Each structure stands twice: as structure tokens, then as C-alpha cells.
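Residue numbers (the UniProt record's numbering): 165 to 429.
Heads up: the structure comes next, in C-alpha cells.
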Ligand code: A2H
């Protein structure tokens, strides 16, 4: 990790229909009628959002549910973000949150929190991916000290975004069913590696689990570098363009359409 501030794109993934467990947990927050609830996933790769297949949360993290700054449109429903307390504090300083939030309200030990486990299995809507619904799934390697504590899954290009199909015990523990697991989508073509680079390299390197840290980091590094310098988008408005030429434009478009927020830490 670098020394300077890191810029993340926070992708707004809207809860579509909460499960019974999630609905019960959320009802304790007394959100105003019509409130929209978004999981916000921190990413360094907004140009890969065409390939999202699910949203990762950590089952044991207690998340905050924070209102965003008003758009000036009084009729618009209030939007709430699900994120770690640490990232909410950063968002406060960056003007992302509603004026009602203060350092005291965020730091208060009495502040109600939402357990990640309660959101597992919820269908959600993510921008740019062709899947109409992606599901909230558990990931144990999410760090509370990075980004928002929510990660979006792009298995074609992120070797960390592993496959729960091979994890029967983990699925059973959290009530994850096979229909929640969507296939990786080919979105970026990398010469020599093809259009499912992370999947291909993970196979080649015989990566068995998320605990193969060394191998995973090698693959991550390679896919990231090659994707950025040699990758060409295959889908969407910028199909045919090189990743490095359009990364910023994809981010800008997501921000302009209020589907993402720029966030620093
Ligand atoms: B990236 P860096 Cl396609 N815990 O997004 C663990 N990982 C986290 C996290 C957290 N709290 N918050 C964000 N991340 C992930 C896309 C992606 C990412 C692709 C390829 C590589 C990649 C889809 N997942 O990251 O330590 C997020 O995954 C490889 C570096 O700040 C975020 O970008 O460098 C990345 O790690 C940020 O990691």
C-alpha cells in the first residue's frame, strides 16, 4: 500500500428486497418511509463494474447506516449507506453525509449498528452489470480498516473474489444457495491471458483457497498491471477502448449518474 492518500470509487449497490432477517434488523433503524438503502463497495477499478456478480460483506462486522448529503431535491427519498464506522467518519469529513451527522453521532457507543450476517442472501441492484440482481454474500478476509468494509465481486479480474461454489460448509453456515452464485462475466480482454484473466491465472497457479496468500498476491499484481496497461474493454459504452484510457471516464459517468461516490483515505 502506498503512502499518499488512496482514492476509492464507492459503488452504490441498492438493497432490492431484504430477506426476513434483514428486514427485521433494518426495522430497528426507524428509517423514513421510502428510504433507499445502499451497500457502498470501495473499489480501485470502476471500469470492471460491468462484471459484478455479487456483493461481499463481513458477517462479523457491525456496520453503520448513515444518511447521505441532500441533493437539494426535497422530493427525493433519503439515501442511506451501509459502511464501517471508520469510513463513515472519513465520509463525514469529505461532505458525503447529511448535515444531521456529527463526529459525536458517528462515534457514539449507543449508535445502532447492523451486523453483516443479517444482510447475507439479500438481492441487490448494482450499476453496469447485466445481472439484474446480485446477492450479498459473506467474505471473511474483508478488513474493517480498509475502504468501507464492503467489497464488490468481479471474479473475472479479481482473484480475491473467490468462488463459493467450492465452499459447501461456508454456504451452509450462512444459508447461501447455489442460485445466488452467478457466473463470472468476460469484460476485459488481456493479450495472452484472455477475458477471464483472474480465473485463468488462479487455475494455472493452482490456487486452492483464500489462504494461498502469496500466490494470490502474485496473481492480483499481475492481473492488475496487465489489465491496466494492456487490457481492452469488451462490453459497455467504451467497448474496444483500453482500460487506461477510459478508467476515469467510467468513474466520472458513475458519479454523474449518482451511482458512485469518490472517497479518499
Ligand atoms: B478491488 P488496496 Cl476487479 N477488505 O475492486 C479487503 N479488500 C478490500 C476492502 C476491504 N475492506 N475494500 C476494498 N477491497 C478490495 C475490484 C477489483 C479490485 C478488481 C481487481 C483488483 C482489485 C473488484 N473487487 O483490487 O489494498 C477491492 O477490490 C486489487 C488491489 O486499497 C479494492 O479494489 O490496494 C481493493 O481491494 C483495494 O485494495
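By construction, the Cβ of each residue, glycine as well, lies at the ideal position given by its N, Cα and C atoms.
Just so you know, these numbers come straight off a predicted model, no measurement behind them.
Restricting attention to 230, 276, 381, 213, the CA atom closest to the CA of residue 323 is found in 381. According to the DSSP assignment, residue 288 belongs to the beta strand (DSSP E) that extends over 287–289.
Below 8 Å, enough C-beta pairs join the stretch 240–259 and the stretch 268–282 to call them touching: three or more. Apart from sequence neighbours up to five positions away, the residues of its chain that approach residue 308 with a beta-carbon distance below 6 Å are 225, 248, ordered along the chain. In the three-state reduction of the DSSP assignment, residue 384 falls in the helix class. Inter-residue distance for residue 168 and residue 428 is about 10 Å (C-alpha atoms, whole angstroms).
211 is the residue among 193, 211, 173, 194 whose C-alpha sits nearest the C-alpha of residue 321. Linking residue 365 to residue 187 through their CA atoms gives a straight-line distance of about 39 Å. By the neighbour-count definition (other C-beta atoms within 10 Å, threshold 16), residue 356 is an exposed residue.
Straight-line measurement puts the Cα of residue 372 at about 46 Å from the Cα of residue 234. In the DSSP assignment, residue 202 is bridged to 178, 245.
Within the same chain, Cβ atoms closer than 7 Å to the Cβ of residue 354 are found at 361, 390, 391, 394, 395, the five residues on either side in sequence being excluded. Per DSSP, residue 369 has no beta bridge partner at all. Annotated three-state conformation of residue 420 is helix, per DSSP. Distances from the CA of residue 265 to each of 293, 288, 298, 229 were compared; the closest alpha carbon is that of 229. Residue environment analysis places residue 339 among the exposed positions, since fewer than 16 neighbouring C-beta atoms fall within 10 angstroms of its C-beta.
Residue environment for residue 329: exposed (fewer than 16 other C-beta atoms within 10 angstroms of its C-beta). In this structure, the straight-line span from the alpha carbon of residue 207 to that of residue 222 is close to 16 Å. Residue pairing by DSSP places residue 227 opposite 278 in a beta bridge. The Cβ atoms of residue 397 and residue 352 sit closer than 7 Å to each other.
It is roughly 25 Å from the alpha-carbon of residue 183 to the alpha-carbon of residue 311.
Per the DSSP secondary-structure output, residue 298 pairs in a beta bridge with 288. In the three-state reduction of the DSSP assignment, residue 167 falls in the coil class. Per the coordinates, the alpha-carbon of residue 327 lies some 11 Å from the alpha-carbon of residue 344. The beta carbon of residue 290 sits closer than 6 Å to those of 177, 216, 298, all from its chain and outside the five residues before and after it, given in chain order.
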